[in-house]
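A quick write-up on the structure given underneath.
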Ligand SMILES: [Zn+2]
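In the numbering used here, the protein residues as written are 866 to 1248.
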């Protein structure tokens, strides 16, 4: 009996161990396969993940040619017949359509600033200073949009709110047209000649050129068809610093402002205050007229935008040669304006040096601007 029960226990144990071993082997195989599958899946996912770099075609999905299509500069668009449609005014000569035949004086603007109980004294003083700078420099500018916004404008000083309301977490200030509120960083000292001063004046500039008059009427100096935020920002930044009674080279949207400043300084048919009078497509039209093109400025501005995206998004890493047409475009404007046949080779070279200095002033290294192209173009130009 004893020996039988021993053998029984021995065989039972053997069976259990065998079963466990087999189970373990199956488990290990299954686990390996599953993990291998997971690994492949993850590798596959990684391939499709945004870590991939975008192609040139994705960032520059248009041809770099002068287009046959006419660039239409609309003074306004009236879509009020539609249920949710509205009247959008792009050209300030048509402001009567929004406000009737009224006009506003400097005193009218002072009055709405004083009567606005949502604005603290120090911002009231800054708003008065802005009004004076604008009207002292450009006495004929129509400030009805500014006047309208000032009735209900709020200025909020809060780092948190600014982060939430702004498109960029690097922002120092933003104007929300939907709320008619300017958000700025906390504890800023808005002294003349400081960055903070430029920021608040820049935001006032947005506030003077955009407004929702009602659900059905809007004034907008950007654009719907030729919409470029970066162009609008550069134009606003340049209008702002040209109000100052001191020279300011540290400009918001530095590279793009440098580009546009070089362009406007060459143009005899566009001034900094035109930003306050017309929308962005008017600027494009004037550029095309100045350069003898039909519709090429819009392509150039989109190339400028592509470069801005390339710099701000790690998914893009374009070669410099993609931007050569834009460098050539600016160089052509500058050389045509500043180079004469009487100049020596050295003098011409000095003009190119000036241009490169203006374009690259205080521009982040990461843009990797290939300045050689401006000299290569000089050779073509002076041939
Ligand atoms: Zn802005």
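For glycine and all other residues, C-beta sits at the position ideal for the given N, C-alpha and C. Predicted model only: the values in this text are computed from it and were never measured.
Check, Outcome
"Three-state secondary structure assigned by DSSP to residue 1246", "helix"
"Distance cut 6 angstroms, beta-carbon to ligand 1 heavy atom: residue list by chain order", "1067, 1071, 1098 and 1101"
"Residue 1116, DSSP secondary structure in three states", "coil"
"Nearest to residue 1085 (by Cα), restricted to the options 918, 943, 972 and 1144", "1144"
"Own chain, CB closer than 6 angstroms to residue 897, minus 5 neighbours either side, in chain order", "Caution applies to residue 897, whose pLDDT of 40 falls short of 50 and renders its modelled position unreliable; the value that the coordinates give is listed next. Nothing listed; no residue qualifies."
"Touching by the beta-carbon criterion (3+ pairs, under 8 angstroms), the stretch 1107-1127 and the stretch 1184-1203", "yes"
"Inter-stretch contact at 8 angstroms, needing at least 3 Cβ pairs: the stretch 969-980 / the stretch 1074-1088", "no"
"Rounded Cβ spacing between residue 1010 and residue 1073 (contact assumed at less than 8 angstroms)", "6 angstroms"
"Nearest to residue 1157 (by Cα), restricted to the options 1057, 924 and 932", "932"
"Residues that residue 1049 bridges to, as DSSP identifies them", "1022 and 1038"
"Cβ neighbours of residue 1046 in the same chain (closer than 7 angstroms, five flanking residues each side left out)", "1019 and 1021"
"Beta-carbon gap between residue 1171 and residue 924 smaller than 8 angstroms", "yes"
"Integer Cβ distance of residue 1108 from residue 1066, believed to fall under 8 angstroms", "7 angstroms"
"Neighbour-count burial assignment, residue 1191, 16 or more Cβ in a 10 Å radius", "buried"
"Cβ contact check for the stretch 1199-1208 and the stretch 955-968: 3 or more pairs under 8 angstroms", "no"
"Residue 936 and residue 1146 closer than 8 angstroms at C-beta", "yes"
"C-beta atoms of residue 1087 and residue 1077 nearer than 8 angstroms", "no"
"Cβ separation of residue 954 and residue 941, assumed to be a contact under 8 angstroms, to the nearest whole Å", "4 angstroms"
"Exposure label - residue 921; buried when at least 16 CB within 10 Å", "exposed"
"Assigned secondary structure, residue 1027 (DSSP; H/G/I helix, E/B strand, else coil)", "helix"
"Contact set for residue 1165: own chain, Cβ-Cβ below 7 angstroms, skip 5 residues either direction", "1191 and 1194"
"Start and end residues, alpha helix (DSSP H) containing residue 1168", "1162-1177"
"beta-carbon residue 1161 near ligand 3 non-hydrogen atom, thresh 7 angstroms", "This structure lacks ligand 3; the ligands present are ligand 1."
"Extent of the continuous beta strand (DSSP E) run through residue 952", "952-954"
"Residue 1217 versus 1048, 1247 and 1233, residue with shortest Cα-Cα distance", "1247"
"Pair within 8 angstroms by beta-carbon distance, residue 1121 and residue 1095", "yes"
"Simplified DSSP state of residue 909, which is helix, strand or coil", "The predicted position of residue 909 is uncertain, since its pLDDT is 46 and thus under 50; no value can be drawn from it."
"Per-residue burial, residue 1213 [other beta carbons within 10 Å of its own, 16 or more giving buried]", "buried"
"Assigned secondary structure, residue 1075 (DSSP; H/G/I helix, E/B strand, else coil)", "strand"
"Buried or exposed (CB count within 10 angstroms, at least 16 for buried), residue 982", "exposed"
"Alpha-carbon spacing of residue 1161 relative to residue 930, whole angstroms", "7 angstroms"
"Pair within 8 angstroms by beta-carbon distance, residue 1249 and residue 1176", "Lying outside 866 to 1248, the shown extent of the chain, residue 1249 is not represented and no answer is given."
"Three-state secondary structure assigned by DSSP to residue 897", "Unreliable positioning characterises residue 897 in this predicted model, as indicated by a pLDDT of 40, which lies under 50. The coordinate reading is nonetheless provided below. It is helical."
"Integer-rounded CB distance, given that residue 999 should sit under 8 angstroms from residue 1123", "Residue 1123 to residue 999, Cβ: 23 angstroms. No contact."
"Other residues of its chain near residue 1224: CB distance less than 6 angstroms, five sequence neighbours each side excluded", "1123"
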